[in-house]
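Protein chains in written order, with our numbering: chain A, 1 to 394; chain B, 1001 to 1394.
Using N, Cα and C, we set each Cβ at its ideal position, and we do this for glycine too.
2 protein chains.
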Amino acid sequence: LYFPLAARSAPLLQRLERSMSSVTIPPPACMLRPLEAPLRYLFGPGPSNVPPRVLAAGGRPIIGHLHPEMYEIMNDIKKGIQYAFQTENNMTISMSGSGHAAMECAVFNTVEPGESVLVAINGIWGERVAEIAERMGKFLRTAMQKHKPVLFFLTHGESSAGLCHPIDGIGDICRKHDCLFLVDTVASLGAAPIFMDKQNIDILYTGSQKALNAPPGTAPISFNDRACHKMFNRKTKPVSYLFDMTHLSNYWGCDGKPARAYHHTGPVSGFFALRESLAILAERGLEESWRKHKEVAAYLYRGLEDLGIKLFIPERDLRLPSVTTIAIPKGYDWREMLAYIMKHHQMEMTGGLGPSIGMVMRIGLMGYNCEKSNADMALHALADALKNCRKSKA
Amino acid sequence: LYFPLAARSAPLLQRLERSMSSVTIPPPACMLRPLEAPLRYLFGPGPSNVPPRVLAAGGRPIIGHLHPEMYEIMNDIKKGIQYAFQTENNMTISMSGSGHAAMECAVFNTVEPGESVLVAINGIWGERVAEIAERMGKFLRTAMQKHKPVLFFLTHGESSAGLCHPIDGIGDICRKHDCLFLVDTVASLGAAPIFMDKQNIDILYTGSQKALNAPPGTAPISFNDRACHKMFNRKTKPVSYLFDMTHLSNYWGCDGKPARAYHHTGPVSGFFALRESLAILAERGLEESWRKHKEVAAYLYRGLEDLGIKLFIPERDLRLPSVTTIAIPKGYDWREMLAYIMKHHQMEMTGGLGPSIGMVMRIGLMGYNCEKSNADMALHALADALKNCRKSKA
């Protein structure tokens, strides 16, 4: 019952396919109606609204995923990511997937069975990596000195809490302990300063759909030489073929080999859109993008305080400029407020996530959405909700 | 050195971020140039050209990945996939990734350490799964009766050889041996008949970028009750959190729970495009799509034979209607011919893949591209290449 089939050998079974006159299950009625996607102000923690220029790039006729012109576009994306990350790392690519794919890629490639991972639980994201590590048979050690973890994970922009975590100095500690420093900047890239090389970050990743304003589905990631040394000198193969950096580095032309072999079919339209979003960031400049996010966030803070709303993170310097968390106004049902704002203002704000559920509401103004006029709209919608939602007497 | 950080706790290190006056690495010049993506007739094995209607759907302003309207779109996609697969399986979703992601998802979820997988090596795709299985610590058993594999993998549309593999009867054998039957229809779905339920296929997947004509980046997959029973009664967790069907089934509203929890951010634009491509298939009807592929393929065969070109698969009934493989014309360098056709006709045809490299050239006319006029263009380009490319005297 084993069938070693050469390309031209006999078929597995000499039966004919069912004839084409077979009765098929009929098409579903819902698929005969047009696609409906309403206008939405995406002022939550992401995805953010996609600017017309990026939508247009993503809607262009595609080319082949292995055409020389596609490689050029991928090379541009690589340079755009290097700029956004402030790194000169050669091993800089985009995942064909969400930020979570980048997270799994980082862990799958750098950690081997029996090795330890240390995770800073500063919100849902830290917990998420903890679960991945657990799944890989690792468990968290409580001290770097004692247990010598090979990887330390920290979220820079902790969007569940609205916290922007300081990074300076941590990379140095990691180096001293021969540990790789992995930083998640999904919610912060382009909104708050990050300097991959200067800050001794060994692995950095982000998502496409936050301050970069591309549709979700691609995720920039970069590995420095320390990280490459670890992942390309492992004894075991990573569990995932799709996320194996041996193949992905070849696909992205980072391994120095003359030819790129077929590995998987990359999201051509997603890469068009990602390139455009990185181009917008390059044109505007990182400093200007950081300045603008800080300015609009400060403007939003003032407006919130004028409404009597309390910011969740009291320390201003720790606030994530892209996603602002507010304490739920006393006496209000946050779910009702969010539903009211969605219904009457076509605007997404969200509640907390994981540990912050029931504690916060979140307002995101990122990249293209990061404008004072949008902050005004958000404040107007909040004021309207405070006026018209039920307030308990407790 | 362990930092248990509550959302509002003190920062990891009390250092300030680098001041925003820090000098950044300047933006790369290439990112200040516009995106260039030339017109291409994608007559290879895929991705195929995307029709304007699908491009427009993918270029629409996005909504949130967890909005009720997005769930409606995902429900529609589910119904569209059920139709395309000819199944009533509740556990029917799209991966947020390529066909390869669907392949890893199927294997990760249904196979546990110590279990066997049987793979029909009928081209590169079979080999690929074999490598995955090896990576998971399994190895291939040579006989189903002897070794009781839990999963048998077969590629329906073997695009590297241009072979369409018969499916009838195999599912019954698998059932008898308590083995799941996994079928890859990436290159065949919509082009050649497949009946998931009637043919007792336990797990079926495809890609978005072939006869469905959506951009690459999404991949429909369906599991029947047998497959669900196996994957939801496993003792170990799948190695990948991203591909864990416990979470994905919740995200797609297939697990019967009232609420969908956040798992990862799905490719919103990709899902818009996928829904549109499934809608086109539903409008046209499967039988008509199958008939058209067969008709245009037959037209192409005649044209090729008129040019003196030999088809690679002699058995007409085994030929894959979406991708036609031809023997490399005697005396010609296939690389030169492909480059000539690309340069002078802006048309992609490809060589072989894996075992068929140097043996075949491949012409794909799928879905939107499946028209006699396109077959004529391809034949014209081939005739031109035969006339103008060097022919050795050997």
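### Message
For Asp-384 of chain A, tell me which candidate among A:Asp-376, A:Arg-362, A:Ile-341 has the shortest Cα-Cα distance.
### Response
It is A:Ile-341 whose Cα lies nearest to the Cα of Asp-384 of chain A.
### Query
Taking Cβ positions only, does Asn-49 of chain A come closer than 8 Å to chain B?
Yes, contact with chain B.
### Query
Is there a Cβ from chain A that is less than 8 Å from the Cβ of Asp-1225 of chain B?
No, Asp-1225 of chain B does not count as interfacial toward chain A.
### Task
Identify whether Phe-1085 of chain B lies in helix, strand or coil by the three-state DSSP scheme.
DSSP places Phe-1085 of chain B in helix when its eight states are reduced to three.
### Task
Taking all protein chains shown into account, decide if Pro-38 of chain A is buried (16 or more other Cβ within 10 angstroms of its Cβ) or exposed.
It is exposed - the Cβ of Pro-38 of chain A has fewer than 16 other Cβ atoms within 10 Å.
### Query
For Ile-1363 of chain B, which residues does DSSP report across the bridge?
Beta-bridge pairing links Ile-1363 of chain B to B:Thr-1324.
### Task
List the residues that DSSP assigns as beta-bridge partners of Leu-379 of chain A.
Note: Leu-379 of chain A sits in no beta bridge, so no partner.
### Task
Quick one: give me the first and last residue of the alpha helix (DSSP H) that Ala-1101 of chain B is part of.
Counting along the chain, the alpha helix (DSSP H) containing Ala-1101 of chain B begins and ends at 1099 to 1110.
### Task
State the Cα-Cα distance for the pair His-293 of chain A and Gly-157 of chain A, rounded to the nearest angstrom.
So the alpha carbons of these two residues sit roughly 13 Å apart.
### Task
Please confirm whether Ala-297 of chain A and Pro-321 of chain A have their CB atoms less than 8 Å apart.
Yes. Within cutoff.
### Task
Counting only the same chain and skipping the five closest in sequence on each side, list residues whose C-beta sits under 6 Å from that of Arg-1275 of chain B.
For Arg-1275 of chain B, same chain residues with a beta-carbon under 6 Å away, outside a window of 5 residues either side, are Ile-1073, Asp-1076, Ile-1077 in chain order.
### Segment limits, alpha helix (DSSP H) that includes Met-1231 of chain B
Per DSSP, the continuous alpha helix (DSSP H) segment holding Met-1231 of chain B begins and ends at 1225 to 1231.
### Message
I need the straight-line Cα distance from Tyr-71 of chain A to Lys-1343 of chain B, nearest angstrom please.
### Response
Rounded to the nearest angstrom, the two C-alpha atoms are 17 Å apart.
### Query
Just to confirm, does Glu-1104 of chain B get its C-beta within under 7 Å of one of the non-hydrogen atoms of the ligand ATP?
Within the structure as shown, the ligand ATP is missing, as the structure has no ligands at all.
### Query
Three-state secondary structure (DSSP) at Val-117 of chain A?
DSSP, read as helix, strand or coil, puts Val-117 of chain A in strand.
### Query
Gln-86 of chain A CB to nearest chain B CB: under 8 Å?
True, the Cβ-Cβ gap to chain B drops below 8 Å.
#### Entry: DSSP-derived helix/strand/coil call for Lys-391 of chain A
Correct three-state label for Lys-391 of chain A: strand.
### Query
If you check the beta carbons only, do Cys-1254 of chain B and Lys-79 of chain A fall under 8 Å apart?
No, the Cβ-Cβ distance between Cys-1254 of chain B and Lys-79 of chain A is not below 8 Å.
### Query
Thinking just about the alpha-carbon of each residue, which of A:Pro-113, A:Leu-386, A:Pro-28, A:Gly-46 is nearest to the one in Arg-366 of chain A?
The sequence as given places Met at residue 366 of chain A; Arg does not occur at that position. When only C-alpha atoms are compared, the closest one is A:Gly-46.
### Message
Between the segment 299 to 311 of chain A and the segment 95 to 102 of chain A, can you find at least three pairs of beta-carbon atoms closer than 8 Å?
### Response
Because the criterion of three Cβ pairs below 8 Å is not met, the segment 95 to 102 of chain A and the segment 299 to 311 of chain A do not touch.
### Query
In terms of residue numbering, what span does the beta strand (DSSP E) encompassing Met-91 of chain A cover?
Met-91 of chain A: member of the beta strand (DSSP E) spanning 91 to 95, first to last residue.
### Task
Drop a sphere of 10 angstroms on the beta-carbon of Glu-1088 of chain B, count the other beta-carbons inside from all chains shown, and report buried for 16 or more, exposed for fewer.
Exposed.
#### Entry: Status (buried if at least 16 other CB within 10 Å, exposed otherwise) for Gly-308 of chain A
Here Gly-308 of chain A is exposed: its Cβ has fewer than 16 other Cβ atoms, across all protein chains shown, within 10 Å.
### Message
Could you compute how far the alpha carbon of His-434 of chain A sits from the alpha carbon of Glu-1295 of chain B?
### Response
The structure shown does not extend to residue 434 of chain A, since chain A spans only 1 to 394, so no value can be given for it.
### Query
Is there a Cβ from chain A that is less than 8 Å from the Cβ of Tyr-1241 of chain B?
Chain A, which has a Cβ nearer than 8 Å to the Cβ of Tyr-1241 of chain B, makes this yes.
### Query
Quick one: does Phe-1232 of chain B have its CB under 8 Å from some CB of chain A?
By this cut-off, Phe-1232 of chain B is not an interface position.
### Query
Which residues in the same chain have their Cβ closer than 6 Å to the Cβ of Asn-1369 of chain B, if we skip the five residues on either side of it in sequence?
The answer, listed in chain order, is Ser-1048, Asn-1049.
### Task
Following the continuous beta strand (DSSP E) through Phe-153 of chain A, name the residue where it begins and the one where it ends.
That run of the beta strand (DSSP E) goes 151 to 155.
### Task
Go ahead and pull the three-state DSSP assignment for Cys-30 of chain A.
Correct three-state label for Cys-30 of chain A: helix.
### Task
For Glu-348 of chain A, count neighbouring C-beta atoms within 10 Å of its own C-beta (all shown protein chains included) and say buried if the count is 16 or more, exposed if not.
Glu-348 of chain A comes out buried.
#### Entry: Cβ-based burial, Ile-357 of chain A [other Cβ within 10 Å; buried from 16]
Result: exposed.
### Close beta carbons around Arg-1175 of chain B, own chain, < 7 Å, minus the five adjacent residues each side
Close CB contacts of Arg-1175 of chain B within its chain, under the 7 Å cut and outside five residues either way in sequence, are with Asn-1200 (chain order).
### Query
In chain A, which residues lie with their C-beta within 7 Å of the C-beta of Cys-1030 of chain B?
The contacting residues are Asp-76, Lys-79.
### Buried or exposed (CB count within 10 angstroms, at least 16 for buried), Ala-1109 of chain B
Before going further, note that residue 1109 of chain B is Asn rather than Ala in the sequence given. That one is buried.
### Message
Taking beta-carbon pairs under 7 Å, can you tell me which members of the segment 1270 to 1281 of chain B lie near chain A?
### Response
The residues in question are Gly-1270, Phe-1272, Arg-1275, Glu-1276, Leu-1278, Ala-1279.
### Query
Considering Val-1183 of chain B, what are the terminal residues of the beta strand (DSSP E) in which it resides?
DSSP places Val-1183 of chain B in the uninterrupted beta strand (DSSP E) bounded by 1180 to 1184.
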